[in-house]
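Chemist: Pasting a structure below so you can have a look.
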Amino acid sequence: MIEIHAFETPSAQSDALARAVGEALAAALAQRARATLAVSGGTSPRPFLQTLSNAALDWPRIDVTLVDDRWVRDTDSASNAKLVRETLLQNAAAGARFTPLVDTRETLDARIAALNASAAHALPDVAVLGMGEDGHTASLFADAPEWAHAITTPERFVAVHPGAAPHARVSLSLDALKHIDRLFLLIAGSRKREVLEAAAAAPQQNAISQLANDKGTILDVYWCAN
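Residue numbering for the sequence shown follows the working numbering, beginning at 291 and increasing consecutively.
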């Protein structure tokens, strides 16, 4: 199910989401020694990540990772890891521990196997997703040959080769997303809201519809009109 929080400006959206994510991380830290936050790349999250970097949290006890990333070097402009280092891992959040997904010294398949075997890449406590106008979230693209596997496997991580979008990807699987305690979605613009509401109204062949129609999943949507 989805719960939509609407905002008029990106700054109001970023401030509210940073507060909500901060509260979710603080709640997780009250229960255990460490907490893990997974974030997404793209243009929309940048203001939110910069705002969150100033949050008064116990950052040395927080692990930061990614929902997905492109199979590129971490110096590449397409790298989500690069974005996170430049935006979130600054200011107060510079004390967090970052665990990226991509290591191009390995093959993609070997990396997926290593991630699925790694205790350091267990499910995050909190994740912030994005969404494309095709309804994909994370890197779960319906036009990828791995689509059926990505939405049915119990493994946490999958390799994805999108049909239209560039670069191979490493992504959390649909099952992994469904098992994250606190799941947020950051989107902007009327078109993306239309896509989301249509996906929630009836099952469709896209990842956001799979999440929105899952009775056990609560997706907190932070939407901005602009």
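Backbone N, C-alpha and C fix where the C-beta goes; we use that ideal spot for every residue, glycine too.
Quick one: residues in its chain with C-beta nearer than 6 Å to the C-beta of A417, no 5 flanking neighbours on either side, listed in chain order?
Modeler: Counting only Cβ-Cβ distances below 6 Å, and skipping sequence neighbours, we find A328, V357, I470 and L473.
Chemist: Which value, in whole angstroms, describes the spacing of the CA atoms of A368 and H426?
Modeler: Between A368 and H426, the C-alpha separation is close to 18 Å.
Chemist: A403 to A438, Cα distance in whole Å?
Modeler: Near 18 Å, if we compare the C-alpha coordinates of A438 and A403.
Chemist: Go through the stretch 315 to 364 residue by residue and report every complete run of the alpha helix (DSSP H) that reaches 4 residues or more, in order.
Modeler: Correct list: 335 to 342.
Chemist: Any contact between the stretch 342 to 359 and the stretch 303 to 319? By contact I mean 3 or more CB pairs, one from each, below 8 Å.
Modeler: Flag = yes, the stretch 342 to 359 and the stretch 303 to 319 touch.
Chemist: Taking only three categories from DSSP, how would you classify H411?
Modeler: In this structure, H411 counts as helix in the three-state DSSP scheme.
Chemist: Start and end of the beta strand (DSSP E) containing D510?
Modeler: Start and end: L509 to C514.
Chemist: Classify H295 as helix, strand or coil using the three-state DSSP reduction.
Modeler: It is a strand residue.
Chemist: Quick one: give me the first and last residue of the alpha helix (DSSP H) that L373 is part of.
Modeler: Start and end: N370 to T377.
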